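Engineer: Line by line, the protein sequences give chains A and B.
The first sequence begins at 0 in numbering that gives the first Met the number 0 and counts up one residue at a time.
The second sequence begins at 0 in numbering that gives the first Met the number 0 and counts up one residue at a time.
Even for Gly, the Cβ is constructed at its ideal location relative to N, Cα and C.
Since the model is a prediction, treat every value here as computed from it, not as a measurement.
Below is a structure I'd like to ask you about.
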Amino acid sequence: MKLSLPSLAAAAMLAAGLLTAPLAATAQGVKPTPEGIVVYNAQHASLTKAWAEAFSKETGIKVTLRNGSDTELGNQIVQEGAASPADVFLTENSPAMALVDTAGLFAPLDAATLSEVPANFRPVHGRWIGIAARSTVFVYNKSKLTPAQLPKSMLDLATPAWKGRWAASPSGADFQAIVSALLELKGEAATAAWLKAMKENATPYKGNGTVLKAVNAGQIEGGVIYHYYYYGDQAKTGENSSNTQLHYFRNQDPGAFVSISGGGVLASSKHQPEAQAFVKWVAGKGGQEILKNGDAYEYAVGTGAQSNPRLVPLAELQAPKVEPSKLNSKKVTDLMTQAGLL
Amino acid sequence: MSALPLDAGADAALKPAVAVRLPLPAAGRGGWGLSWVGSAALVVSALALLPLGFVVWVGIQTGWATASALIFRPRVGELLINTALLVALTVPLCAVLAIALAWLTERSDLPGARTWAWLLVAPLAVPAFVHSYAWMTVAPGLHGLPAGVMVSLIAYFPFLYLPVAAALRRLDPGMEDSAASLGLGPWAVFFRVVLPQLRLAVCGGSLLVGLHLLAEYGLYVMIRFDTFTTAIVDQFQSTYNGPAANMLSGVLVVCCFALLGLESAARGKERYARVGTGAARMPFKRRLGRFSALCLLLLPALLTVLALGVPLFTLARWLLAGGAAVWRFGEMGPALLQTLGLAAAGALLTTLAAVPMAWLSIRSPGRLQRVLEACNYMVGSLPGVVVALALVTVTVRMPIYQTAITVLLAYLLMFLPRALISLRAGIAQAPVELEQAARSLGRTPAQALWAITLRLAAPSAAAGAALVGLGITNELTATLMLAPNGTRTLATSFWAYSSEIDYAAAAPYALIMVLLSLPMTWLLYQQSKRTAGR
């Protein structure tokens, strides 16, 4: 009999999962403890709140959230080490997951949890899992730019022609994830050069929503953000997006990067079964349905799960292939600090 | 976010009282009582040195090569220019505005002067970040230095107006009369006699405004103006307590000390107390004449529109637009309770911590005591982000990490001067003889302190506690960084919603903060009138 490497790995993970959390195989049967679990949440507060409330309702397990940004909470977990109060870590992007994983702080996920998500939305090692995805876009003001004037590649934004014409939120984890993909795809020298040009060309805002608002108000022609800010605003009143349009770079461009939001269980958690159950629930049907039907507008990544029909299907985005576990947040903040963006 | 005591005028007014050497209570010297109070004061002062000690320690840990690479870079230069310009433009503008307004409300027959005086203080009830939230709604394109200066001016001028108005009220008009009788015109009298006497109030108020400018986070994030504080939080959000954040924090501490030094140099050593017997008479109110009164009314009216009208109008607008949906009582109830709980506990703790030093500074002043007391004020001048960054790193592996204790400790350090100043004034007014009488009747020093002095000082202790509570209610930066898991205060809830550009959902939180702050602002206003004795 010939065993392939992935199936061996899966078997090993299954064994590890069974060893560390024997109860978790029947996730919903976990007996809730009065203190519940602590989730360090870098996802949008409202989305995780919806997840946590539905999960608590279904299982009786109490969820306490600590909200923050990806790399802030990731670095915080690393600092806290084995004493971390966190049981579960959820992010908007992969680099912070890679950071915690590199520090060896994640417990292997149960095989049943891993099977909730197809292999392209989770790292091979199985210590964390994709829970949602978001696409990089170039949002532009319709009255300031015509489709013909749009940049063909995100790299074009570094050219002098784009000086003073585009915006981003460099202090945010989202943009830093995009830079980490650029670093992974094009290497350090090219990334450093692009960031240096960005310091010259781009107007920094705080938060993608603010970028969208500024583009909509015509303060600036366009901006690099994620897709769902636009859809979320459209679904509400459209007051911050009605003059804007999204441009997808496609063609495996670094600007077509699809970022995977991650979920993982901390090895130091004293509530392994509950924590495993929560991650499984978020990646599973319950959590993914909330992505599809709620007002988050992020892509669902679960096996067979559907995203909101208003979104451009993930399969059409021609995203570049990036291994999420290799994204390096430390290098990115260092490069951005050097470029004077932080 | 605030640092020093709000009422710099009261501070200045108190100085002579401290300088008077009170006879030491015989039993206090070297007795159990003093050593108990002394060691408590020592502990609090040591605690107050913690953030500064941390900055120095982390600087040494980082090493010169890394530290200099992180400090001497263009970005830090940009931030330094931004911050310096902000302070250099805002503080003088604030001072001119405050002096003009104080003169109008105190020394002229401006119609409705009393009402204007209160309306000019009332903007303090609106947290600084709510000011910029309002301006972002009214004029979304506002950004950069001009916007920073304008919104800061609107948010912080009461800090200068209060002490200047109090000082003006207190001046002896006799000096002005003499100057006039010697042939000086009204303008010359103002510039050569009145203005120099306002020096302490202007210096103190300017320092207070300057320190707020250095420490403020929310205001500048919203209007896209980068200062050291916003850059430190950016770094914190990217790297938690990485070396770049700590080095920026070190530079910020140097900036604070530069301001403190500047202020003490500008204070001068002149005598300001009046000489002569009897009481000073009430100053005359200058007649403005109908036309100029009408013109001059425009100034306070315009400022009231900008500093009160704009925030209140914006809140009303968002509340109307949001309708019933934004009143999420399920979230707001806990946020309100947690805020009140933190404010009450923080106020109590801070006031208790201030008792030993306040008592020593009145009953047993000395060189060591002065140095220790200075530590207490120094920590209050440090921005919340610096204190929080230090506490995060120090406590991360300790059991008090992410508990209410840590965040209360941060509040204690940040707001200690507010409690200290008020308490010191109260203790100074409690006659030492009563304490001695209690001792002679067999009370221990601690009992005497508790039963006599602290009872008499209770009203000022309460005022100080209220100021601390006000600071905590509107505190954002340190709370964001240190709050226990699951804790959401009014300020952090407001911040979470406004960061998601959900301005309507943020509005109820802002409204509650304003309503909570109003009574304390009123108290402050009353207190400033009382220090003037009128």
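With distances taken Cα to Cα, identify the nearest neighbour of E244 (chain A) among A:I224, A:N119, A:A266.
Structural biologist: Looking at the sequence shown, residue 244 (chain A) is not Glu but Gln. It is A:I224 whose Cα lies nearest to the Cα of Q244 (chain A).
Engineer: So, does the CB of A166 (chain B) fall closer than 9 angstroms to a CB anywhere in chain A?
Structural biologist: False, the Cβ-Cβ gap to chain A never drops below 9 angstroms.
Engineer: Are the C-beta atoms of Y204 (chain A) and some chain D residue less than 9 angstroms apart?
Structural biologist: Here the protein chains are A and B, and chain D is not one of them.
Engineer: Output yes if chain A places a C-beta closer than 9 angstroms to the C-beta of T226 (chain B); else output no.
Structural biologist: Output row for T226 (chain B): interface = no.
Engineer: Closer than 7 angstroms, Cβ to Cβ, to anything on chain A: give me those residues from the stretch 122 to 151 of chain B, in chain order.
Structural biologist: If the cut-off is 7 angstroms between Cβ atoms, the stretch 122 to 151 of chain B has P139, G140 near chain A.
Engineer: Give a yes or no on whether the C-beta atoms belonging to L341 (chain B) and L390 (chain B) are separated by under 9 angstroms.
Structural biologist: No, they are not a contact pair.
Engineer: Can you list, in chain order, the residues of the stretch 494 to 508 of chain B whose Cβ is nearer than 7 angstroms to any Cβ on chain A?
Structural biologist: From the stretch 494 to 508 of chain B, only A495, S498, E499, I500 have a Cβ closer than 7 angstroms to chain A.
Engineer: Given that a residue counts as buried once 16 or more other Cβ atoms are within 10 Å of its Cβ, and exposed if not, what is A243 (chain B)?
Structural biologist: Buried is the call here.
Engineer: Are there 16 or more other CB atoms within 10 angstroms of the CB of G203 (chain B), so buried, or fewer, so exposed?
Structural biologist: Buried, by the Cβ-count rule.
Engineer: Of all the options B:E262, B:K284, B:A409, B:A300, which has the alpha carbon lying nearest to the alpha carbon of A346 (chain B)?
Structural biologist: It is B:A409.
Engineer: What residue from B:A97, B:L339, B:V137 has the CA that sits closest to L469 (chain B)'s CA?
Structural biologist: Nearest of B:A97, B:L339, B:V137 to L469 (chain B), Cα basis: B:L339.
Engineer: Give the list of continuous beta strand (DSSP E) stretches no shorter than 3 residues that lie fully inside the stretch 285 to 317 of chain B.
Structural biologist: Here no run is fully enclosed.
Engineer: So if I threshold CB-CB distances at 9 angstroms, which residues from the stretch 224 to 255 of chain B count as touching chain A?
Structural biologist: Flagged, chain order: D225, T229, A230, V232, D233, Q234, F235, Q236, S237, T238, Y239, N240, G241, A243.
Engineer: The beta strand (DSSP E) spanning I130 (chain A) covers which residue range?
Structural biologist: Segment 128 to 140, the beta strand (DSSP E) holding I130 (chain A).
Engineer: Measuring CA to CA, which of B:G267, B:L161, B:A457, B:V386 is closest to R529 (chain B)?
Structural biologist: Nearest C-alpha to R529 (chain B): B:L161.
Engineer: Give the single residue among A:L108, A:S142, A:S170 whose Cα lies nearest to the Cα of R223 (chain B).
Structural biologist: Of the listed residues, the one whose Cα sits closest to R223 (chain B) is A:S170.
Engineer: Span of the alpha helix (DSSP H) holding G379 (chain B)?
Structural biologist: Segment 366 to 379, the alpha helix (DSSP H) holding G379 (chain B).
Engineer: Using a Cβ-Cβ cut-off of less than 7 angstroms, give me the residues of the stretch 284 to 315 of chain A that come near chain B, in sequence order.
Structural biologist: Those residues of the stretch 284 to 315 of chain A that come within reach of chain B (Cβ to Cβ, closer than 7 angstroms) do not exist; the list is empty.
Engineer: Listing by chain order, which chain B residues have their CB less than 9 angstroms from the CB of N40 (chain A)?
Structural biologist: Near N40 (chain A) there are no residues of chain B at all, since even the closest Cβ is about 10 angstroms away, more than 9 angstroms.
Engineer: Any Cβ of chain A within less than 9 angstroms of the Cβ of V220 (chain B)?
Structural biologist: Yes - at least one Cβ of chain A is within 9 angstroms of the one on V220 (chain B).
Engineer: Excluding the 5 residues preceding and the 5 following A304 (chain A) in the sequence, name in chain order all residues of the same chain whose CB lies nearer than 8 angstroms to its CB.
Structural biologist: K284, Q287, E288, L290, K291, listed in sequence order.
Engineer: Answer yes if the stretch 143 to 161 of chain B comes into contact with the stretch 209 to 229 of chain B, meaning at least three C-beta pairs across the two stretches below 8 angstroms, and no otherwise.
Structural biologist: With the cut-off at 8 angstroms, the stretch 209 to 229 of chain B and the stretch 143 to 161 of chain B touch.
Engineer: Is there a C-beta anywhere in chain A that falls below 9 angstroms from the one on Y410 (chain B)?
Structural biologist: Not closer than 9 angstroms to any Cβ of chain A, the Cβ of Y410 (chain B) fails to qualify, so no.
Engineer: Do you know whose CA, among A:L46, A:Y39, A:V62, lies nearest P33 (chain A)'s CA?
Structural biologist: Nearest option by C-alpha distance: A:V62.
Engineer: Taking only runs that begin and end inside the stretch 373 to 451 of chain B, name each unbroken alpha helix (DSSP H) of 4 or more residues, in chain order.
Structural biologist: 383 to 394, 403 to 427, 431 to 439, 444 to 447, all fully within the stretch 373 to 451 of chain B.
Engineer: Which residues in chain B sit within 8 angstroms of G339 (chain A), going by Cβ to Cβ distance?
Structural biologist: The contacting residues are R72, P73, R74, E77.
Engineer: For D108 (chain B), is the classification buried or exposed, using 16 other Cβ atoms within 10 angstroms of its Cβ as the cut-off for buried?
Structural biologist: Result: exposed.
Engineer: By the three-class DSSP mapping on this structure, what secondary structure does H130 (chain B) have?
Structural biologist: Of the three classes helix, strand and coil, the one that applies to H130 (chain B) here is helix, per DSSP.
Engineer: Using a Cβ-Cβ cut-off of 9 angstroms, state whether G111 (chain B) counts as contacting chain A.
Structural biologist: No, because no Cβ of chain A sits closer than 9 angstroms to the Cβ of G111 (chain B).
Engineer: Does chain A have any CB closer than 9 angstroms to the CB of G485 (chain B)?
Structural biologist: So yes, G485 (chain B) belongs to the interface.
Engineer: Within the 9 angstroms Cβ cut-off, does M335 (chain A) reach chain B?
Structural biologist: Yes, contact with chain B.
Engineer: Check each candidate in B:A387, B:S439, B:L515 and name the one with the smallest Cα separation from M480 (chain B).
Structural biologist: Comparing Cα-Cα distances from M480 (chain B) to each of B:A387, B:S439, B:L515, the minimum goes to B:A387.
Engineer: Tell me whether V223 (chain A) sits in a helix, a strand or coil according to DSSP, three-state version.
Structural biologist: Of the three classes helix, strand and coil, the one that applies to V223 (chain A) here is strand, per DSSP.
Engineer: From G379 (chain B) to I259 (chain A), what distance separates their C-alpha atoms?
Structural biologist: Roughly 43 angstroms separates the two Cα atoms.
Engineer: If we count the other Cβ atoms within 10 Å of its Cβ and call it buried at 16 or more, is V36 (chain B) buried or exposed?
Structural biologist: So V36 (chain B) ends up on the buried side.
Engineer: Does the contact criterion of 3 or more C-beta pairs under 8 angstroms hold for the stretch 106 to 122 of chain A versus the stretch 215 to 230 of chain A?
Structural biologist: In short, these stretches do not touch, since the Cβ pair count stays below three.
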